[in-house]
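Trainee: Protein chains in written order, with the working numbering: chain V, 1 to 218; chain S, 1001 to 1218.
Structure below; questions to follow.
Protein chains: 2
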Amino acid sequence: MVENVIDAGTTERTRQKLLVAATEVFAKQGFKSSTIRQIVTKARVNVAAVNYHFRDKATLYSEVLKFALGSILKKYPPDMGVTPGSTPEQKLEAFILSFFLRVLDQSSGAWHGPLMAREMADPTSALDDLVDHVLRPLGDYLNSILREFLGSTATAPLLNACAASVVGQILFYRHCQPVIAKLNPTLTYRREDLERLARHVYEFSLAGIRALAAGARR
Amino acid sequence: MVENVIDAGTTERTRQKLLVAATEVFAKQGFKSSTIRQIVTKARVNVAAVNYHFRDKATLYSEVLKFALGSILKKYPPDMGVTPGSTPEQKLEAFILSFFLRVLDQSSGAWHGPLMAREMADPTSALDDLVDHVLRPLGDYLNSILREFLGSTATAPLLNACAASVVGQILFYRHCQPVIAKLNPTLTYRREDLERLARHVYEFSLAGIRALAAGARR
DNA sequence: AGACATATTAAACGGAGGTTTAAAACAAAT
DNA sequence: ATTTGTTTTAAACCTCCGTTTAATATGTCT
Chain V
1 MVENVIDAGT
11 TERTRQKLLV
21 AATEVFAKQG
31 FKSSTIRQIV
41 TKARVNVAAV
51 NYHFRDKATL
61 YSEVLKFALG
71 SILKKYPPDM
81 GVTPGSTPEQ
91 KLEAFILSFF
101 LRVLDQSSGA
111 WHGPLMAREM
121 ADPTSALDDL
131 VDHVLRPLGD
141 YLNSILREFL
151 GSTATAPLLN
161 ACAASVVGQI
171 LFYRHCQPVI
181 AKLNPTLTYR
191 REDLERLARH
201 VYEFSLAGIR
211 ALAAGARR
Chain S
1001 MVENVIDAGT
1011 TERTRQKLLV
1021 AATEVFAKQG
1031 FKSSTIRQIV
1041 TKARVNVAAV
1051 NYHFRDKATL
1061 YSEVLKFALG
1071 SILKKYPPDM
1081 GVTPGSTPEQ
1091 KLEAFILSFF
1101 LRVLDQSSGA
1111 WHGPLMAREM
1121 ADPTSALDDL
1131 VDHVLRPLGD
1141 YLNSILREFL
1151 GSTATAPLLN
1161 ACAASVVGQI
1171 LFYRHCQPVI
1181 AKLNPTLTYR
1191 REDLERLARH
1201 VYEFSLAGIR
1211 ALAAGARR
């Protein structure tokens, strides 16, 4: 049993290797379709490692989700590049761009987008944490920006509908990516492409919000 | 002919019972997580029935998808209630409302919305047909409406971006329904609610489109 | 009635998946 | 060097799934 020469002595612990490999597999295939044997093969560890270091497959998934979400908001904070004194327009544009980068970042090891998209569309028990710690604060922040456009008398349904309009335009590119790739094969998601898409959504939304603000004031 | 009491001795053929049961199971759980034994139990037929009447699980799924999509477009055609002579505004509003009804219709046996959402986010080999026969024609029709606003000189990227903005606002309510239910538990999807949401998306989008049309003309 | 195609059924097959086990390897401390 | 606790390993276990089989039932036509 001493014929193991593949790696001799990395310092990376097995647990960490499993987390990294599992993140990619879960992001690409979802919880149910991913198999423990796929994960341990990619991590180059034994089949029993998952059940030893984590209790079972579900616990591993939950740990992966927590880890991925913690790092994504650190990398692209919602208020990136703006100060409290910035204009509402600047805040909105920054929110939209950072949102685009967050969900469509394709740099290596950025599996946050696919992971969250899967969790939203096909929730596991881990969704509650996701909503409480990430999505609700994000929505509240967007609403605070929108209130600056719509005035303090704006009704909650109007605020929510506008927030949905902004976020929906962005998430479309994530949730429908397979379809978009077929309908529009030339579309890519490099940094510059995302900035162009973000600018479109910003201009489109700004006009929509201002029109509804004018309507509400009447 | 679809809604019938479950009765051991009805004249409903096994094949039809399988289609109905499979539609619900696939819509609720997705292709991979659904099992043949779940489907045949709900249909009250033998385990071998799927492989006898359809060739295998994948073919059954593909038939389910085809059947569900055929009926939904018949029920809510994209141009419902408008004539070729209608104004662009009327066409756009009709397109948005029919889209909302199509993806969020909650009448019993309406599993089209969840089915398509799953297929878009996590495609099987059936996606190709879906794109060619349903989604591409739908997109072309929306583009033809948008061209009436943006002028014949509008670039393809601008048209596509506007189409994405319109469709994205609608699909948000479908793809993120689990999250929306947690953030905004009071939101319901009765016919009147969908008409209100459609009106919001229409007004929001109309302002966005007109602003971009003005910008493009400059 | 008999003959023939079509449907249905219970049972089993083969494979894959998550998990467990028990032995071996390793590390640190005595 | 021996002990002790932790980690890794190969192998097996057991369940569930999609599919097949071979026998039985159900019609249909003459």
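C-beta atoms are modelled at their ideal positions from N, C-alpha and C, and glycine is treated no differently.
Since I96 of chain V and Y173 of chain V should fall inside the 8 Å C-beta cutoff, what is the C-beta to C-beta distance between them, to a whole number of angstroms?
Mentor: As a first step, residue 96 of chain V must be located in the first sequence, where it is residue number 96. As a first step, residue 173 of chain V must be located in the first sequence, where it is residue number 173. 12 Å between Cβ atoms; not a contact.
Trainee: Could you name the residues of the same chain whose beta carbon sits closer than 6 Å to that of V1134 of chain S, not counting the 5 residues immediately before and after it, in chain order?
Mentor: Taking the second sequence and counting its residues from 1, one reaches residue 1134 of chain S at position 134. So the list reads L1069, once near-sequence residues are dropped.
Trainee: Under the three-state reduction of DSSP, which class applies to A1153 of chain S: helix, strand or coil?
Mentor: Working through the second sequence from its first residue, we reach residue 1153 of chain S at position 153. The residue you asked about is not Ala; residue 1153 of chain S is Thr in the sequence shown. It is coil, neither helix nor strand.
Trainee: Whole alpha helix (DSSP H) runs in the region 48-73 of chain V with 4 or more residues, listed along the chain?
Mentor: 49-53
Trainee: Nearest chain S C-beta to K182 of chain V closer than 8 Å, yes or no?
Mentor: Here residue 182 of chain V is taken as the residue at index 182 of the first sequence, counted from 1. So, interface residue.
Trainee: Return the CA-CA distance between A49 of chain V and T14 of chain V, expressed in angstroms with no decimal places.
Mentor: Taking the first residue of the first sequence as 1, we reach residue 49 of chain V at position 49. Taking the first residue of the first sequence as 1, we reach residue 14 of chain V at position 14. Near 8 Å, if we compare the C-alpha coordinates of T14 of chain V and A49 of chain V.
Trainee: Helix, strand or coil for G81 of chain V? Go by DSSP, reduced to three states.
Mentor: In the first sequence, the residue the question calls residue 81 of chain V occupies position 81. Three-state DSSP puts G81 of chain V in coil, outside helix and strand.
Trainee: Between S:D1132, S:L1158 and S:D1140, which has its C-alpha nearest K182 of chain V's C-alpha?
Mentor: On the first sequence, position 182 is the one that residue 182 of chain V refers to. Nearest in C-alpha terms to K182 of chain V, of all of S:D1132, S:L1158 and S:D1140, is S:D1132.
Trainee: Please name the residue in V:I36, V:I145, V:R37 and V:T59 whose C-alpha comes closest to that of V82 of chain V.
Mentor: Looking up residue 82 of chain V in the first sequence gives position 82. Selected option, being the one with the closest Cα: V:I145.
Trainee: Contact check, S33 of chain V vs K1017 of chain S under 8 Å by CB: the rounded distance?
Mentor: Taking the first residue of the first sequence as position 1, residue 33 of chain V is located at position 33. Taking the first residue of the second sequence as position 1, residue 1017 of chain S is located at position 17. So it is not a contact: roughly 28 Å between Cβ atoms.
Trainee: How big is the Cα-Cα spacing for E24 of chain V and L60 of chain V?
Mentor: To locate residue 24 of chain V, count along the first sequence from 1; it is residue 24. To locate residue 60 of chain V, count along the first sequence from 1; it is residue 60. If you take the alpha carbons of E24 of chain V and L60 of chain V, they lie about 13 Å apart.
Trainee: With a threshold of 8 Å on Cβ separation, who are the neighbours of N1046 of chain S within its own chain once the five nearest residues in sequence on each side are excluded?
Mentor: Within the second sequence, numbered from 1, the residue matching residue 1046 of chain S stands at position 46. Apart from the 5 residues on each side of it in sequence, N1046 of chain S sits with its Cβ closer than 8 Å to the Cβ of V1040 in its chain, given in chain order.
Trainee: Could you check if Q177 of chain V belongs to the surroundings of the ligand NAP, using beta carbon to heavy atom distance under 7 Å?
Mentor: Absent from the structure shown: the ligand NAP. Ligands present: none.
Trainee: Would you mind working out which of V:P185, V:L212 and V:W111 sits nearest R1136 of chain S, comparing C-alpha positions?
Mentor: Taking the first residue of the second sequence as 1, we reach residue 1136 of chain S at position 136. Residue V:P185 is the option with its Cα nearest to R1136 of chain S.
Trainee: For chain S, check one thing: does any of its Cβ atoms lie closer than 8 Å to the Cβ of E148 of chain V?
Mentor: For the purposes of this step, residue 148 of chain V is identified with residue 148 of the first sequence, where counting begins at 1. It does not; no Cβ of chain S falls within 8 Å.
Trainee: Quick one: is G1085 of chain S buried, meaning 16 or more other Cβ sit within 10 Å of its Cβ, or exposed?
Mentor: The sequence position of residue 1085 of chain S within the second sequence is 85, counting from 1. Looking at its Cβ environment, which holds fewer than 16 other Cβ atoms inside 10 Å, G1085 of chain S is exposed.
Trainee: Looking at the C-beta of G9 of chain V, does it have a partner C-beta in chain S at a distance below 8 Å?
Mentor: Translated into positions along the first sequence, residue 9 of chain V becomes position 9. Only weak support is given to the placement of G9 of chain V: the predicted model assigns it a pLDDT of 40, under 50, and the value that follows is read from those uncertain coordinates. For G9 of chain V, the answer is no, since every Cβ of chain S falls outside 8 Å of its Cβ.
Trainee: Between which two residues does the alpha helix (DSSP H) carrying T1014 of chain S extend?
Mentor: For the purposes of this step, residue 1014 of chain S is identified with residue 14 of the second sequence, where counting begins at 1. Secondary structure note for T1014 of chain S: its alpha helix (DSSP H) is the uninterrupted segment T1014 to S1033.
Trainee: With three or more C-beta pairs closer than 8 Å as the rule, is the region 1089-1103 of chain S touching the region 1154-1164 of chain S?
Mentor: no
Trainee: In this structure, how does DSSP classify R1190 of chain S when only helix, strand and coil are distinguished?
Mentor: Locating residue 1190 of chain S in the second sequence gives position 190, where the first residue counts as 1. Coil at R1190 of chain S, not helix or strand.
Trainee: Are any of the Cβ atoms in chain S nearer than 8 Å to that of N160 of chain V?
Mentor: On the first sequence, position 160 is the one that residue 160 of chain V refers to. With 8 Å as the cut-off, N160 of chain V counts as an interface residue toward chain S.
Trainee: Nearest chain S C-beta to L194 of chain V closer than 8 Å, yes or no?
Mentor: Within the first sequence, numbered from 1, the residue matching residue 194 of chain V stands at position 194. L194 of chain V does not count as touching chain S.
Trainee: Sorted by chain position, which residues of the same chain lie with C-beta nearer than 6 Å to S1205 of chain S's C-beta, five sequence neighbours on each side aside?
Mentor: Sequence index remark: in the second sequence, residue 1205 of chain S carries index 205 (1-based). Excluding residues within five positions, the ones whose Cβ falls inside 6 Å are V1166.
Trainee: So, using beta-carbon positions, are S1062 of chain S and Y1076 of chain S closer together than 8 Å?
Mentor: Working through the second sequence from its first residue, we reach residue 1062 of chain S at position 62. Working through the second sequence from its first residue, we reach residue 1076 of chain S at position 76. Contact flag unset, no.
Trainee: Please say whether A156 of chain V and R147 of chain V have beta carbons closer to each other than 8 Å?
Mentor: As a first step, residue 147 of chain V must be located in the first sequence, where it is residue number 147. As a first step, residue 156 of chain V must be located in the first sequence, where it is residue number 156. For R147 of chain V and A156 of chain V, no; Cβs fall outside 8 Å.
Trainee: If contacts are defined as beta-carbon pairs under 8 Å, then L1150 of chain S and A1216 of chain S qualify, I think. What distance do you get, rounded to the angstrom?
Mentor: For the purposes of this step, residue 1150 of chain S is identified with residue 150 of the second sequence, where counting begins at 1. For the purposes of this step, residue 1216 of chain S is identified with residue 216 of the second sequence, where counting begins at 1. Contact holds; Cβ gap of about 6 Å.
Trainee: Show which residues of chain S have a CB atom less than 9 Å away from the CB atom of K57 of chain V.
Mentor: Taking the first residue of the first sequence as 1, we reach residue 57 of chain V at position 57. Ordered by position in chain S, no residue passes the 9 Å Cβ test against K57 of chain V, which lies about 14 Å from the chain.
Trainee: Where does the unbroken alpha helix (DSSP H) through Q1106 of chain S begin, and where does it stop?
Mentor: Numbered from 1 along the second sequence, position 106 holds the residue referred to as residue 1106 of chain S. For Q1106 of chain S, no alpha helix (DSSP H) encloses it, and the DSSP letter there is neither H nor E.
Trainee: Between P1219 of chain S and chain V, is there a C-beta pair that is closer than 8 Å?
Mentor: Residue numbering for chain S in the displayed model covers 1001 to 1218; residue 1219 of chain S lies beyond these limits and cannot be assessed.
Trainee: Output yes or no for whether 8 Å exceeds the beta carbon distance between I1072 of chain S and H1112 of chain S.
Mentor: Numbered from its first residue, the second sequence carries residue 1072 of chain S at position 72. Numbered from its first residue, the second sequence carries residue 1112 of chain S at position 112. Note that the C-beta distance between I1072 of chain S and H1112 of chain S is below 8 Å.
Trainee: Closest Cβ-Cβ distance between A68 of chain V and chain S: below 8 Å?
Mentor: Locating residue 68 of chain V in the first sequence gives position 68, where the first residue counts as 1. Closer than 8 Å: no.
Trainee: Mind reading off the beta-carbon distance from P178 of chain V to P1123 of chain S? Whole number of angstroms is fine, and I expect it under 8 Å.
Mentor: Sequence index remark: in the first sequence, residue 178 of chain V carries index 178 (1-based). Sequence index remark: in the second sequence, residue 1123 of chain S carries index 123 (1-based). That belief holds up - the Cβ atoms of P178 of chain V and P1123 of chain S are roughly 5 Å apart, short of 8 Å.
Trainee: Counting only beta-carbon atoms, is Q106 of chain V nearer than 8 Å to chain S?
Mentor: Counted from its first residue, the first sequence places residue 106 of chain V at position 106. Output row for Q106 of chain V: interface = no.
Trainee: Taking N1143 of chain S as the reference, give the member of S:L1187, S:P1078, S:R1199 and S:M1116 with the closest Cα.
Mentor: Along the second sequence, one-based indexing puts residue 1143 of chain S at 143. Per the Cα distances, S:P1078.
Trainee: Where does V45 of chain V sit, in a helix, a strand or coil, going by DSSP?
Mentor: In the first sequence, residue 45 of chain V corresponds to position 45, counting from 1. Three-state result, V45 of chain V: coil.
Trainee: Specify, as a first and last residue, the run of the alpha helix (DSSP H) that A121 of chain V falls within.
Mentor: Position 121 of the first sequence, counted from the start, is the residue given in the question as residue 121 of chain V. First-last of the alpha helix (DSSP H) with A121 of chain V: H112 to A121.
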